[in-house]
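Residue numbers (my numbering): 210 to 646.
Heads up, the beta-carbon is just placed ideally off N, CA and C, and yes, glycines get one too.
Just so we're clear, the structure is a prediction, and the values are computed from it rather than from any experiment.
Rendered as C-alpha cells:
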C-alpha cells in the first residue's frame, strides 16, 4: 500500500515514519525545500525520542521518501493524509488556509480515486470544506473523479509519540463511505492485531472527539491547580487531596497533578478553538473560559511565590530557571510556563540563568540574549538567589543539594511541578515552596 503525508511537522513526520515502519510505502510532502533536503539526508528537524532511528531505518529500507511535490506522488497513492499546521488566528479560531490549500491542490492534480484524510486538529465542519474545495477544483477542470474524505485525529503525546502511534489506546476514524472505512481499516489493522481498538464514527463526531479530549485534560489540570491554590489558603496538602480523590474509580489519577500551568502546541490552541467554534454556533463554553483563565493565572504562580519571598524586591537578584520546554522529553516551548515566568523576572529587574536538557537551541531562538544559557543545572544555580523548577526532567529529580547549597547566594527552591520532598530540602538547609501546600 502507498500513501502520502502532506506536512512534515511533528504530526506529519511521526505519522509518516510509523506507517513506514509497519511496511507501508510513504511519501512525505512539504513545501519547505530546505527541510525536505535535510530529511532526505536523515536530518530530523524536531526532537522526539526514537524518531531519528525510525526515519533513518525506513529511508534506508526504501519505504520512506520526501518530496516538495504532491503531484509527483499523487497518482501512485491510495490515501493522502493532510497533516499541515492549523495555527490559531487572532480571534482564537483555527486557521484552515493550509488545510484547504492541500485540498485545492489535490482537486487540481488528482487523476484517480483517492481518500483524503485530515490528520490535523481541525474544527467540526472542516471535512465538509475540504470535500467542497476538492469538488470545486474538479468542476473547474470539467472532470468527474470519485474521491472520499475522512477525519483521523491524532492523539500523540510529545515525548512518547512513537509508542502512542505504534501501540495506540484507540484510533478514531470518521468516514462517510464503506470504501473509506475499508481503506482506513487496512491501514491500521497491523497496529491493532492483538487488540482491535478502531472507533469508526461519522466525520463531525471524529472532529469533535479530538477537541473534547484535549479540553477535558486541560480542565482536569486547571481544576487541580485551582484546588491546589485553595489548599494553600486553608492549610490542606494538595498531594494528599490528589491521592484521596484519585482513588475514586470514577475520577482516576491521571492529569490530577498541580503545577505551574499547561502549555504546548495542543491544549492552549485547542481550548481556544473549541471556545471559538462554540461562539460561532451561538454557544458560550463557560467551563472552558474558566479553564483558560485559571491556566493563565497559574503560569505566573512561581514568580508570585518568588516575589513574595523577597518582599517584592527582585531587582538585581540572580534567578536560576530549570526547564524551558513545556514538558519533559521535548524541545517544544510553545505556550511554555517558562516563557511567562522569564518575562516577569526580566521585568522585575532580575538576571536570569536558564538550563534545559533538550530545549536550549529552541530557547536561544526565542529568547536570544535576554537570558544567560548555562551548561548544566549546577552552572545555572551558581551564585543564584533561587532555583525555579519549571519542567520536571528526570535530570532534575535528584541533584546534590549539598553542592547547590554551597554555591548559591540564597538556598531557595520554588518547585513548579511538585517533584521534590519538602522535608528533604529542609534537612539540607533549603527554603522550599511547592504548589498547593
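Residue closest to residue 598, alpha-carbon to alpha-carbon, out of 213, 532, 293, 472: Your numbering for residue 598 matches position 389 in the chain shown. Closest by alpha carbon: 532.
C-alpha distance - residue 601 paired with residue 539, whole-angstrom precision: Counting from one through the chain shown, the residue named residue 601 turns up at place 392. Counting from one through the chain shown, the residue named residue 539 turns up at place 330. The alpha-carbon atoms of residue 601 and residue 539 are separated by roughly 11 Å.
Environment of residue 507 [buried if 16+ CB atoms lie within 10 Å]: What you label residue 507 is simply residue 298 of the chain shown in a count that begins at 1. Buried, since its Cβ has 16 or more Cβ neighbours within 10 Å.
Backbone secondary structure at residue 265 - three-state DSSP: As a working mapping, residue 265 is identified with position 56 in the chain shown. Helix, per DSSP.
Residues that residue 306 bridges to, as DSSP identifies them: If you number the chain shown from 1, residue 306 lands on position 97. Note: residue 306 sits in no beta bridge, so no partner.
Contact between the stretch 378–385 and the stretch 401–416 (3+ Cβ pairs under 8 Å): yes
Anticipated Cβ contact below 8 Å, residue 224 with residue 292, distance rounded: In the chain shown, the residue the question calls residue 224 occupies position 15. In the chain shown, the residue the question calls residue 292 occupies position 83. The Cβ separation is near 6 Å, so the contact holds.
For residue 551, the first and last residue of its enclosing beta strand (DSSP E): Here residue 551 refers to the residue found at position 342 when the chain shown is read from its first residue. Counting along the chain, residue 551 falls outside any beta strand (DSSP E), though it belongs to the alpha helix (DSSP H) covering 546–556.
Pairwise C-alpha distance: residue 468 and residue 434: Numbered from its first residue, the chain shown carries residue 434 at position 225. Numbered from its first residue, the chain shown carries residue 468 at position 259. Their Cα atoms are separated by approximately 6 Å.
Beta-carbon contacts of residue 545 that lie in its chain and below 7 Å, excluding the five residues immediately before and after: Working through the chain shown from its first residue, we reach residue 545 at position 336. Excluding residues within five positions, the ones whose Cβ falls inside 7 Å are 472, 533, 534, 535.
Buried or exposed by the 16-neighbour rule on C-beta atoms within 10 Å, applied to residue 579: For the purposes of this step, residue 579 is taken as the residue at position 370 of the chain shown. By the 10 Å Cβ count, residue 579 comes out exposed.
Inter-residue Cα distance where the pair is residue 405 and residue 226: Numbered from 1 along the chain shown, position 196 holds the residue referred to as residue 405. Numbered from 1 along the chain shown, position 17 holds the residue referred to as residue 226. Their Cα atoms are separated by approximately 21 Å.
Under the three-state DSSP convention, the category residue 587 falls into: Start at 1 with the first residue of the chain shown, and residue 587 comes out as number 378. In this structure, residue 587 counts as helix in the three-state DSSP scheme.
Residue 436 and residue 443 closer than 8 Å at C-beta: Counting from 1 along the chain shown, the entry for residue 436 is found at position 227. Counting from 1 along the chain shown, the entry for residue 443 is found at position 234. Going by C-beta atoms, residue 436 is not nearer than 8 Å to residue 443.
Status (buried if at least 16 other CB within 10 Å, exposed otherwise) for residue 274: Within the chain shown, the letter at position 65 stands for residue 274. Its Cβ being crowded by 16 or more others within 10 Å, residue 274 is buried.
Length at least 3, wholly inside the stretch 463–512: the beta strand (DSSP E) runs in chain order: none
Length of the line joining the Cα atoms of residue 329 and residue 612: Within the chain shown, numbered from 1, the residue matching residue 329 stands at position 120. Within the chain shown, numbered from 1, the residue matching residue 612 stands at position 403. Those two C-alpha atoms are separated by around 47 Å.
Backbone CA spacing between residue 607 and residue 631 [nearest angstrom]: Numbered from its first residue, the chain shown carries residue 607 at position 398. Numbered from its first residue, the chain shown carries residue 631 at position 422. Whole-angstrom Cα-Cα distance: 13 Å.
Spatial neighbours of residue 307 in its chain, beta-carbon cut-off 6 Å, leaving aside the 5 residues before and after: To locate residue 307, count along the chain shown from 1; it is residue 98. The residues are 293, 294.
Cβ-heavy atom distance, residue 586 to the ligand NAD, below 7 Å: This structure does not include the ligand NAD; it has no bound ligands of any sort.
Those residues which DSSP pairs with residue 291 across a bridge: Working through the chain shown from its first residue, we reach residue 291 at position 82. DSSP, once it has assigned bridges, lists 215, 327 as partnering residue 291.
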